[in-house]
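Student: Supplied in structure tokens, the structure appears directly below.
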Amino acid sequence: MKRIAVFSLVFALALALSLPAAASVPGELLIWIDGERAPVLTAVARTFVAEYGIPVKIQELPFGDIRDNLAIVAPTGEGPDIIIGAHDWLGQLVSDGLIEPIDIENPSLFLQSGLDAFTWGGQYYGIPYAIESIGLFYNKDLVGEDGIASFEELVELTKNELAPKGIYGLVLPQPDPYHTFPFFSMLGGYVFGVDEEGVLNPLDVGLANAGAIEGFEFFEQLLNEGVIARATPYDTMMSLFQNGQAATMMTGPWAFGDVRAAGVNYGFTQIPSYKGQYGKPFLGAQGFMVSAFSENKLLANIFLNEFVATKETMLAIFEGDPRPTAFLPAAEVINEDPDMRGVMEAAAEAVPMPAIPAMNSVWTAWSDAIELVINQQSTPRAAIQNAVEIIVQTIQESM
Amino acid sequence: MAKLIKGVFLGVLNVVFIWTALFLLGHQAYWVLLLLVLGAALVNFIFISEKGYPYRYLLPASFFMILLVVYPIVYTVYVSVTNYGTGNILSKEQAVTQLQERRILDAEAGNYTYTAYRDGAGELWFLFTSPQGELLLGHAGRLEPVQEGDERFSQLAQFTELTRADLVRATNELSALSFAFDETWQLQMRNINYFGVYRPQYEYIRERDELIDLESGTVYRPVLGYFEAPDGTRLTPGFREVIGLNNFRRLFTNPQVTGPFVRVFIWTVQWALLSVGCTFAVGLLLAILLHDPYLRLRKFYRSVLILPYAVPAFISALIWRGLFHTELGIINQVLRATIGSGVPWLQDPVWAKVALVILNLWLGFPYMMLVCLGALQSIDHEMYEAAVVYGACSWQQFYHITLPLMMVSVAPLLIASFSFNFNNFSVIYLLTRGRPPMVGAQTPAGHTDILISYTYRLAFESGRGVDYGLASAVTLVIFLITGAITFINFRFTGALEEVRKNV
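Sequence lines, in order, name chains A and B. Sequential numbering from 9 applies to the first sequence in the numbering used here. Sequential numbering from 5 applies to the second sequence in the numbering used here.
Here is the structure:
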């Protein structure tokens, strides 16, 4: 018995010593990336290895998990050098001390709004590859080739032509602050105000200012007049538009696939104007960031600047998952696609979604206010004023 | 043979132990390493020594209990007294390191281009060109001006010049270098193409635990997880720190929390009671029906009725959300066709609660049915024969025999089910997310929020981002409440057992 134990111990020791040590080594890049872009980066990594002989490891993670996993793993020294992510993670990642400013060699190659989205405290924290914002899908068979330019036009058209046929003028996901924001912003509402230094002030919430309330009341009016279908969740909204029961639909480029699949004769353009002012949607951007715990920060910068910020890589990323690019040399090619041109138009009016952590406390209260109005349980003014009170209190309490 | 199997098993276990130990050694996690060594010694002792034999079966159970129950509780208690959350996830050491590494670029000084050389001994030499065209020779942290034709300049020709690929491969080495201009300004690598003129932004004085801004002279001292200036300005990143009972204080003094607490608590209790009551009533009824030996196709019914239990709750909940849809849901379509009007299932506070109870009934009755079937089968049939002899009707049989005897085995499960539903976050979250919202609410609390879903909002939708410290504090408070209720319940069932003993 004892002999067996001793033998097994010796054998175990020998085996254990022959296993490779598990520790991150400088001089080797580790990239966390989502499944859709992993194949592209794997190919890019191969050229990098061929050129410099520096190994690059690609680890695939679901896009939404990357931020939380970085917070857990990076401080232990086991994290990646480069991650992929969304611009609205920036506030959290920077205040956590998890990402590092990036030295973008040639900023003029990027779309300004994409760069702005990845700017924090005057420094770039990411290399953007795609931007997106919601816009207006329109059914050409119902509203004509050119779509709808203003909400006044849409109301008129709905009353005279669409409503008698039982067709809604507009559908959007409800209750959903992200999709309803253009109504708040078109006459001057905003989420967070900006101080003299251009920094977002979390205590200046502009969702209940005069312009925001007027826009929100207009939204209620459209619901009451039956221009907007009431209380439609995303999938209901989609089926109404797909079946031709709604003439227009406010949502983002992720819906192209579903709309095409239904065979709708559609166009995509910016959100209509009201009183001559365009509804500004939120702009979102995705990009590559460098971990503050990377042992290879400069190497990561070289990899991103010289191998990722290239026309070939950006086009390959686009082909893997078509989203409007933030890289201008690739945009020339990509924008020949009318859908992408539409998204670029829509994004031109967009404002970056605030990236500060305080944004976490905005969504629910705001969504509740919208829901109360949709359910006709409160006036827009009372609902949004109450919501802003809650938001400001919550933010104040945690400061 | 048995010995061989045991030996191989122990061997494999030891491989895992040793490998983990080396891993921990590499990460300098000495405390965990110590625990591991002690644990491994214990395991080997128990398996090799005859004296350890009785503990052989106790050990794995204790191990997993410590790992899966005790450790999480201890850790939650620890986190609840820290400020762990957005902005405070690094250790103080890491935060100080990051702040110390922060440097300020002298933008006016411009970019210095460079050529790098390696001498015979492998040491690096640099020839920098300033934006004004001056040449500087850099080696071992020192800089000196050179001219073309100098002795030192021509010396460089004997060294190996680094190609661009060499430079890329050596970036980690190059970026660690620093050449002093004077006491403040340093020439450091900016990117692969240029060096820049930098100075550090902060200096950390360890003895006094102070961080000094080298430009303004402002002194930052650690206050509750941040380096803070006298005027209250905080530096990011902050760090994890024990902040005592602050999270609990916030919980009990914040009107946003205390305000809706009672209302949310009452609904939580209602919800747990209704869930247990309805599922038990339906489960029991079906169990009694299926227990009847004269029922045809008994096995078929039983299999069909267990189906809702077999389908993942997530899928069921999402399907029910569709069924409850006010305009398009099948339930309202049927209601409209039969009684003329639908019900605002998820918009009206009362109906939303009804919808939740219906969903939970659907998810929960098969479990209760199974439990009751088992309990029914264990009741001795002679009792009923005796009851018939004494002339008891079926209701009397049920009330005086079936129910009390069944309760003995089922009551603890009902209590467990109560505690489970008390914290049944997923059903609430999947069907209503705590909605519908309240008109004029003081906080973002909805009509169907139970304690756990409400506190989830507090912790994960806080103004600073995510607040694990507060979340842990809340969890502990809920743990105490559920614990107290369960304790009282068990006392109650203890009384039931007394009844049984007296029978």
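Every residue gets a Cβ at the ideal spot worked out from N, C-alpha and C, and that includes glycine.
Grouping DSSP H, G and I as helix and E and B as strand, with all else coil, what is B/Arg140?
Tutor: Correcting the residue type first, residue 140 of chain B is Leu in the shown sequence and not Arg. Strand at B/Leu140.
Student: Which of the three DSSP states is assigned to A/Val1 in this structure?
Tutor: Since the first and last residues shown for chain A are 9 and 407, residue 1 of chain A lies out of range.
Student: Would you tell me roughly how many angstroms separate the C-alpha atoms of A/Ala53 and B/Gln159, rounded to the nearest one?
Tutor: 38 Å
Student: Between A/Asn114, A/Pro181 and A/Thr259, which has its C-alpha nearest A/Tyr132's C-alpha?
Tutor: A/Asn114
Student: From the DSSP secondary-structure annotation, give me the bridge partner or partners of A/Asp347.
Tutor: A/Asp347 pairs with nothing; no bridge assigned.
Student: Pull out every residue of the segment 456-481 of chain B whose Cβ sits closer than 8 Å to any Cβ of chain A, in chain order.
Tutor: Arg461, Phe464, Glu465, Ser466, Gly467, Arg468, Gly469, Val470 and Asp471
Student: Return helix, strand or coil for A/Gln131, following the three-state DSSP convention.
Tutor: strand
Student: Tell me where the alpha helix (DSSP H) around A/Gly201 begins and ends.
Tutor: It is not in any alpha helix (DSSP H) - A/Gly201 instead sits in the beta strand (DSSP E) that spans Phe200 to Val202.
Student: Strictly under 8 Å for the Cβ-Cβ distance: is B/Thr330 near chain A by that measure?
Tutor: yes
Student: Report the partner residues of A/Gly284 according to the DSSP bridge assignment.
Tutor: A/Gly284 pairs with nothing; no bridge assigned.
Student: If the criterion is Cβ atoms closer than 8 Å, does the pair B/Asp217 and B/Pro226 meet it?
Tutor: Contact: no.
Student: Report the neighbours of A/Ala79 on chain B: residues whose CB is nearer than 9 Å to its CB, in chain order.
Tutor: Thr90, Ile93 and Val470
Student: At 9 Å on the CB atoms, spell out the chain B contacts of A/Tyr198, in chain order.
Tutor: Neighbourhood of A/Tyr198 in chain B, by CB distance below 9 Å: empty, with the nearest CB roughly 18 Å away.
Student: Tell me whether A/Arg389 sits in a helix, a strand or coil according to DSSP, three-state version.
Tutor: helix
Student: Would you mind reading off the limits of the alpha helix (DSSP H) that contains B/Arg340?
Tutor: First-last of the alpha helix (DSSP H) with B/Arg340: Ile334 to Ile343.
Student: If you follow the alpha helix (DSSP H) that B/Ser421 is in, where does it begin and where does it stop?
Tutor: Leu407 to Phe426
Student: Which residues in the same chain have their Cβ closer than 6 Å to the Cβ of B/Pro441, if we skip the five residues on either side of it in sequence?
Tutor: Gly450
Student: What do you get for A/Val151, buried or exposed, if any count of 16 or more other CB atoms within 10 angstroms of its CB means buried?
Tutor: buried
Student: Distance, Cα to Cα, B/Met373 vs B/Phe243?
Tutor: Here the alpha carbon of B/Met373 sits roughly 51 Å from the alpha carbon of B/Phe243.
Student: In whole angstroms, give me the CA-to-CA distance for B/Tyr82 and A/Glu320.
Tutor: 50 Å
Student: For B/Thr175, which residues in chain A fall below 8 Å Cβ to Cβ?
Tutor: Asn304, Leu306, Leu307 and Ile310
Student: Of the residues B/Asp235, B/Tyr313 and B/Leu290, which one's Cα is nearest the Cα of B/Arg302?
Tutor: B/Leu290
Student: Identify every residue that forms a DSSP beta bridge with B/Ala184.
Tutor: B/Gln190
Student: Are three or more beta carbon pairs between the segment 273-289 of chain A and the segment 356-371 of chain A nearer than 8 Å?
Tutor: Pairwise C-beta distances place the segment 273-289 of chain A in contact with the segment 356-371 of chain A, as three or more of them are shorter than 8 Å.
Student: Could you work out which residue in A/Ala58, A/Val381 and A/Ala338 is closest to B/Val172 when comparing CA atoms only?
Tutor: When A/Ala58, A/Val381 and A/Ala338 are compared, the shortest CA-CA separation from B/Val172 is found for A/Ala58.
Student: Measure the CB-CB distance between B/Val268 and B/Asp453 and report whether it falls below 8 Å.
Tutor: yes
Student: Quick one: is B/Gln205 near chain A, going by C-beta distance under 8 Å?
Tutor: No, B/Gln205 does not count as interfacial toward chain A.
Student: What does the alpha-carbon distance come out to for the pair A/Val2 and B/Arg168?
Tutor: Because residue 2 of chain A is not part of the residues shown, which for chain A are 9 to 407, the question remains open.
Student: Can you give me the Cβ contacts of B/Thr490 inside the same chain, cut-off strictly under 7 Å, excluding the 5 residues immediately before and after it?
Tutor: Excluding positions up to five away in sequence, the list reads Ile419 and Ser423.
Student: Identify, in the order they occur along the chain, each residue of the same chain with its Cβ nearer than 6 Å to the Cβ of B/Glu148, setting aside the five sequence neighbours on each side.
Tutor: Leu141
Student: Assuming B/Pro149 is part of the beta strand (DSSP E), what are its boundary residues?
Tutor: Arg146 to Pro149
Student: Pull up the distance between the alpha-carbon of A/Thr188 and that of A/Leu215, whole angstroms please.
Tutor: Going from the Cα of A/Thr188 to the Cα of A/Leu215 covers about 12 Å.
Student: Can you have a look at A/Val400 and say buried or exposed, based on whether 16 or more other CB atoms are within 10 angstroms of its CB?
Tutor: buried
Student: Okay, do the segment 358-372 of chain A and the segment 97-111 of chain A touch, 3+ Cβ pairs below 8 Å being the bar?
Tutor: yes
Student: Taking a Cβ distance cut-off of 9 Å, strictly less, list which residues of the segment 206-240 of chain B are near chain A, in chain order.
Tutor: Thr240
Student: Quick check on this structure: which residue in A/Gly87, A/Glu36 and A/Asp76 has the alpha carbon closest to the alpha carbon of A/Ala300?
Tutor: Nearest C-alpha to A/Ala300: A/Gly87.
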